[in-house]
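Each residue of the sequence shown is one higher than the one before, starting from 41 at the first, in the numbering used here.
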Amino acid sequence: MIMNNESRPAKPVLIGVLLNHKKLIHTANPSLMRLKMLDQANDQANTVIFLFCLEDVLYDREMISGYYYDRASGRWRNKLFPLPDVLYFRGAAAGYPRAKFQRFEKMTGEKNIRKINTLVAFNKWELHKVLSANETIAPHLPGTVLYQGQPHVILQMLQRYGKVYLKACLGRQGKQVMQVRQLTRDYFEYRYYINKLYAHRVSFYRLFQLIDRFFQGKSFIVQQPIDLIALGEQKIDLRAELQRNSKGELEIVAIPVRVGKKNAPITTHSASYCFEEFFLNQLGYSTAELRSLKERLRTLLFALYETIESHYGPFGEIGIDLGLDNAGKIWFIEANAQPAKVSLMGAYDHHVISRAFANPVEYALFLAGSGQPQGILNFS
41 MIMNNESRPA KPVLIGVLLN HKKLIHTANP SLMRLKMLDQ ANDQANTVIF
91 LFCLEDVLYD REMISGYYYD RASGRWRNKL FPLPDVLYFR GAAAGYPRAK
141 FQRFEKMTGE KNIRKINTLV AFNKWELHKV LSANETIAPH LPGTVLYQGQ
191 PHVILQMLQR YGKVYLKACL GRQGKQVMQV RQLTRDYFEY RYYINKLYAH
241 RVSFYRLFQL IDRFFQGKSF IVQQPIDLIA LGEQKIDLRA ELQRNSKGEL
291 EIVAIPVRVG KKNAPITTHS ASYCFEEFFL NQLGYSTAEL RSLKERLRTL
341 LFALYETIES HYGPFGEIGI DLGLDNAGKI WFIEANAQPA KVSLMGAYDH
391 HVISRAFANP VEYALFLAGS GQPQGILNFS
């Protein structure tokens with residue numbers, strides 16, 4: 041995945057990786073494995089990568105007090121850098137005051153700094169409306185409504201489906217997802233997973249107190265449940281890792297299979313497996329059945345990616361969660377604008393993992409050369 045010499049910028053491209061303050065890069069923490077993997081992609085590219093938080097931006101000097109990985113010492117070291125040529129969001133915006141992030145966004149726009157991803161996070165309700173307008177995608181979307189402080193909306197969805205999922209519009213990593221099931225006319229069961237599974241039966245009045253406390257005033261959607269395939273009591277879904285490469289072409293790097301914890305409402309924080317091996321060996325698919333499923337996934341994934349880009353702008357990578365129900369139908373679950381690649385790293389070999397970290401770096405080179413996103417590649 042190396043660019044031709046003719047297409048490379050003459051000088052090294054500076055890639056600034058914006059993290060949130062919770063990443064503790066100021067402590068030069070050597071355990072940031074995924075960031076070190078990203079830095080290793082420099083070996084094959086004409087780039088310089090540095091990490092920073094918004095606190096490190098020196099607006100008056102147009103400089104950034106960033107961190108680069110010193111391989112000799114195995115530590116992240118501090119250095120002053122000019123503003124980057126290309127910006128890569130990793131956990132950006134989370135934990136920052138809105139005004140602080142907007143100031144940085146304004147400066148990057150004025151300086152025409154290219155971005156690997158246009159957006160730091162998707163609003164689930166806004167994205168649902170965008171995708172619903174696409175005739176190819178709409179049949180793959182679960183029934184979804186926006187909660188606006190009216191309990192009857194949840195009750196109506198419960199009457200229709202028996203069980204619903206409540207998801208924060210801007211939640212990440214499954215931290216603000218609650219499953220609600222109606223047991224009787226007056227009693228309900230709720231479940232959520234934060235480090236461990238919480239499950240309780242409560243009255244109607246108590247349920248909505250807990251919902252308000254759980255979401256802390258944030259907007260959330262109410263969504264139809266999907267009858268996901270499972271191994272025993274462990275639900276299964278798919279995390280597709282799609283990226284643009286050194287030529288701006290869109291490719292499916294891998295589709296790890298995620299197997300959730302027993303009785304957990306979501307598959308986040310789950311075990312992950314190689315797609316082909318899991319469906320052939322664990323689920324007993326034939327080669328022909330696997331080929332057919334991959335083609336259906338490919339068609340939907342590219343439609344999702346390109347529809348998202350047509351509305352929001354270019355993306356160098358998106359993590360797309362899909363579900364397969366017991367009738368064989370594929371469902372869209374959600375899209376992640378900053379995929380962490382955790383499932384991919386737990387399921388695939390070094391070659392695939394290296395490719396997943398090299399693609400954003402090579403795409404940054406492509407952007408720095410004023411490239412525009414191109415077509416698509418086959419999913420092999």
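Virtual Cβ for every residue (Gly too), placed ideally from N, Cα, C.
Can you tell me whether residue i is buried or exposed? The criterion is at least 16 other CB atoms within 10 Å of its CB, across all chains shown.
i    : result
Q188 : exposed
I234 : exposed
Q378 : buried
S286 : buried
N321 : exposed
N244 : The residue asked about is misnamed: residue 244 is Phe in this sequence, not Asn. F244 should be labelled exposed.
Q249 : exposed
V53  : buried
D277 : buried
S350 : exposed
K164 : buried
P265 : buried
R298 : buried
L290 : buried
A367 : exposed
A328 : exposed
D389 : exposed
A270 : exposed
D226 : exposed
A112 : exposed
Taking the alpha-carbon positions, what's the residue i to residue j distance?
i    : j    : result
R115 : V88  : 16 Å
A304 : K207 : 15 Å
R138 : R212 : 17 Å
D365 : E357 : 26 Å
H240 : V392 : 41 Å
A81  : F355 : 19 Å
K51  : Q142 : 30 Å
I261 : T184 : 7 Å
K203 : L337 : 26 Å
V429 : V242 : Given a span of 41 to 420 for the chain in the structure shown, any question on residue 429 remains unanswerable.
G324 : W371 : 21 Å
T158 : L344 : 16 Å
V293 : L341 : 12 Å
Q263 : I373 : 10 Å
A311 : T224 : 34 Å
L333 : K151 : 45 Å
Y238 : R246 : 15 Å
Q190 : R253 : 15 Å
P70  : E175 : Here the model assigns P70 a pLDDT of 42, short of 50, so the residue's position is not dependable, and the following value carries that caveat. When rounded, the distance between both Cα atoms is 47 Å.
S394 : M73  : 12 Å
T339 : I251 : 37 Å
K169 : S326 : 36 Å
K140 : G257 : 21 Å
Taking the CB atoms as reference points, tell me whether residue i and residue j lie closer together than 8 Å.
i    : j    : result
D125 : R154 : yes
P296 : F319 : no
G359 : R279 : yes
G405 : N86  : Inspection of the sequence shows that residue 405 is occupied by Leu rather than by Gly. Yes, Cβ-Cβ distance for L405 and N86 is below 8 Å.
E281 : L384 : yes
Y201 : M218 : no
Q222 : L198 : yes
Q396 : Y313 : Sequence check: residue 396 is Ala here, not Gln. No. Outside cutoff.
F162 : A380 : no
K302 : E335 : no
Using a threshold of 7 Å, is the CB atom of residue i nearer than that to any non-hydrogen atom of the ligand NAP?
i    : result
E291 : No copy of the ligand NAP appears in this structure; indeed no ligand is present at all.
Once the 5 residues before and after residue i are set aside, which same chain residues still bring their CB inside 7 Å of it?
i    : result
S172 : A178 and L181
M147 : Y99
K76  : Y109
Bridge partners for residue i per DSSP, in chain order?
i    : result
V297 : L278 and Y313
W116 : Y109
V126 : I55 and R154
I89  : I55
L364 : I370
Y233 : L237
I104 : V97 and F121
M218 : L206
E291 : Q283
What residues in its chain sit with their C-beta under 8 Å from that of residue i, if we drop five residues either side in the sequence?
i    : result
D96  : I104, S105 and G106
F90  : L54, I55, G56, V57, I104, G106, Y107, Y108, K119, F121 and P124
P400 : L78, A81, Y128, I156, Q283, G356 and E357
L330 : E316, F319 and L320
E145 : none
In chain order, what residues of the same chain have a beta carbon less than 6 Å from the beta carbon of residue i, not counting five sequence neighbours either side?
i    : result
S259 : C209
I348 : none
F102 : It should be noted that the sequence gives Glu, not Phe, for residue 102. L123.
K236 : none
A68  : Confidence in A68 is poor, its pLDDT being 48 and thus under 50, which makes the residue's placement unreliable; the coordinate value appears in the next sentence. Cβ within range, chain order: R115 and W116.
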